[in-house]
Amino acid sequence: MHDVDCSSLEGKRAISDVFEILEFVAVVGTTNTFVLQELDETGKPLPNIFQQDATGNLKAGRYMIQPVEKGAEVYRRLVTTFAVAGGKQTDEYWKPEKKPEEAKLSDTESVSSTVSERGDDPRGFKMRLVHRDKGCVVCHAMGTDSIYRYRDDSSFFEGSHIFPFAMQSLWSARKYGNLITDPFTAPSVENAARNKQDPLRINSLENGMLLCLFHHKAYETLRFSIHHTTHRIFAFHPAVAHLHGLEVTSPWKVTSAIYPAPHKELLKAHYQTAPDSTYPQRSHQDLG
Ligand SMILES: [Zn+2]
Numbered sequence: 116m117h118d119v120d121c122s123s124l125e126g127k128r129a130i131s132d133v134f135e136i137l138e139f140v141a142v143v144g145t146t147n148t149f150v151l152q153e154l155d156e157t158g159k160p161l162p163n164i165f166q167q168d169a170t171g172n173l174k175a176g177r178y179m180i181q182p183v184e185k186g187a188e189v190y191r192r193l194v195t196t197f198a199v200a201g202g203k204q205t206d207e208y209w210k211p212e213k214k215p216e217e218a219k220l221s222d223t224e225s226v227s228s229t230v231s232e233r234g235d236d237p238r239g240f241k242m243r244l245v246h247r248d249k250g251c252v253v254c255h256a257m258g259t260d261s262i263y264r265y266r267d268d269s270s271f272f273e274g275s276h277i278f279p280f281a282m283q284s285l286w287s288a289r290k291y292g293n294l295i296t297d298p299f300t301a302p303s304v305e306n307a308a309r310n311k312q313d314p315l316r317i318n319s320l321e322n323g324m325l326l327c328l329f330h331h332k333a334y335e336t337l338r339f340s341i342h343h344t345t346h347r348i349f350a351f352h353p354a355v356a357h358l359h360g361l362e363v364t365s366p367w368k369v370t371s372a373i374y375p376a377p378h379k380e381l382l383k384a385h386y387q388t389a390p391d392s393t394y395p396q397r398s399h400q401d402l403g
């Protein structure tokens, strides 16, 4: 039985939103087409069946994924994410295979990157994001005036990584560096200092967005994510429910090879991680 608990933001989840998440986490037959059938408390199927294109919201309860294809199997998609749940790394893949000395080296790198990120080096990660995004991209989506104008605005904005800087081994394993075109992180004599600090090019504009402190924290803790093709915000946490459905546009307004927009594979990696870490894996108890 493949039942799904719909619990967070009870009764406020559009049916299409629930399908959007399930497409990330489930593999259904060969075509991935399915409907949701409501179950009662004992797990017995009820007559209520929801199609993918149905309008309206899904109420809290238990639902079963019913394949449209006859005899199709339902699998949970094996997604390698960077989620850290309950202080434990849930991801087998990137578990440190490093020796302690090497781990220490990357800690140092991470610290020095944070320093340069917060600085106002005009060619650094943050200030180039300021140029591209102008202010917090989520505040902009909300219609709030949040523009970086003055030097002392700096402490209100942060250059935020889409794929976390700390997850360097997963970044390497997935060869994300090959996606990067940002000329300011390209290997060159001119970029030598930056190359040394960030050889994997994680501090590239394709892996960044300018966010205010609050939205940075909420993005980093996966309370919301930004869909890689629609650029719409998906709220995974009730505290940011007001952001749900807003479209982020600022990073895509400047179309220039010097200021590349966020890369869709990196947005997708963040998005795939969010449901995994937000929704606890439970199969018996509903949150109600
Ligand atoms: Zn903001």
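Each residue of the sequence shown is one higher than the one before, starting from 116 at the first, in this note's numbering. Beta carbons: idealized from backbone N, C-alpha and C, even for Gly.
To the nearest whole angstrom, what separates the beta carbons of residue i and residue j, a pair I think is in contact under 8 Å?
i: G323; j: S275; result: 6 Å
i: F165; j: V150; result: 6 Å
i: P390; j: A376; result: That belief does not hold up - the Cβ atoms of P390 and A376 are roughly 24 Å apart, past 8 Å.
i: V363; j: I348; result: 6 Å
i: T333; j: V355; result: It should be noted that the sequence gives Ala, not Thr, for residue 333. Their Cβ separation, rounded to whole angstroms, is 5 Å, which keeps A333 and V355 in contact under 8 Å.
i: D248; j: L325; result: 4 Å
i: I130; j: N163; result: 11 Å between Cβ atoms; not a contact.
i: Y374; j: S340; result: Between S340 and Y374 the Cβ distance is about 22 Å, and since that is not below 8 Å, they are no contact.
i: F240; j: A384; result: With a Cβ gap of about 18 Å, F240 and A384 do not count as contacting.
Using the DSSP secondary-structure output, state which residues sit across from residue i in a beta bridge.
i: C327; result: F272
i: L151; result: F165, I180
i: G250; result: I262
i: V143; result: V189
i: L173; result: R128
i: P160; result: L154
i: E138; result: Its beta-bridge partners do not exist; DSSP assigns none.
i: A350; result: F339
i: E362; result: R347
In terms of alpha-carbon separation, which member of the options lies closest to residue i?
i: R177; options: Q152, R192, G171; result: Q152
i: I180; options: T345, V142, M257; result: V142
i: L337; options: A129, E184, L328, A350; result: A350
i: R266; options: L161, P237, N310; result: P237
i: L294; options: S319, K311, T148, R191; result: S319
i: F272; options: L154, Q312, H246, D168; result: H246
i: D297; options: L358, H378, H255, F339; result: H378
i: W286; options: F299, E305, A308, D313; result: D313
i: C251; options: L328, E380, A169, Q167; result: L328
i: G144; options: Y190, A384, A307; result: Y190
i: F134; options: P302, Q167, F299, L154; result: Q167
i: H343; options: E321, E335, H330; result: E321
i: E156; options: T146, A175, T148, A169; result: A175
i: Y291; options: E184, L161, L382; result: L382
i: T345; options: F339, N310, L161, G360; result: G360
i: T148; options: L137, I341, S270; result: L137
i: G258; options: F299, A187, H357; result: H357
i: S284; options: G239, E380, I317, I277; result: I317
i: R264; options: R192, L161, M242, R309; result: M242
i: L244; options: R289, F299, R192; result: F299
i: T170; options: P353, F280, R128, K185; result: R128
i: A187; options: G158, P160, T146, L161; result: T146
i: G281; options: E335, P302, S303; result: The amino acid at residue 281 is misidentified as Gly; the sequence shows Ala. Residue E335 is the option with its Cα nearest to A281.
i: C254; options: A384, H330, A301, H352; result: H330
i: R289; options: P182, T388, E380, G126; result: E380
Flag residue i as yes when its Cβ comes closer than 7 Å to any non-hydrogen atom of ligand 1, and as no otherwise.
i: S284; result: no
i: F339; result: no
i: F329; result: yes
i: A143; result: Just to set this straight, residue 143 is Val in the shown sequence, not Ala. No; taking the cut-off as 7 Å, the Cβ of V143 has no heavy atom of ligand 1 nearer than that.
i: S261; result: yes
i: V253; result: yes
i: L326; result: yes
Would the beta-carbon of residue i be found less than 7 Å away from any heavy atom of ligand 2?
i: V150; result: Ligand 2 is absent from the structure shown, which contains only ligand 1.
>> To test your reading of the DSSP string, which unbroken alpha helix (DSSP H) runs of 4 or more residues are found completely within the region 283-348?
In response: 283-288, 307-312, 328-335
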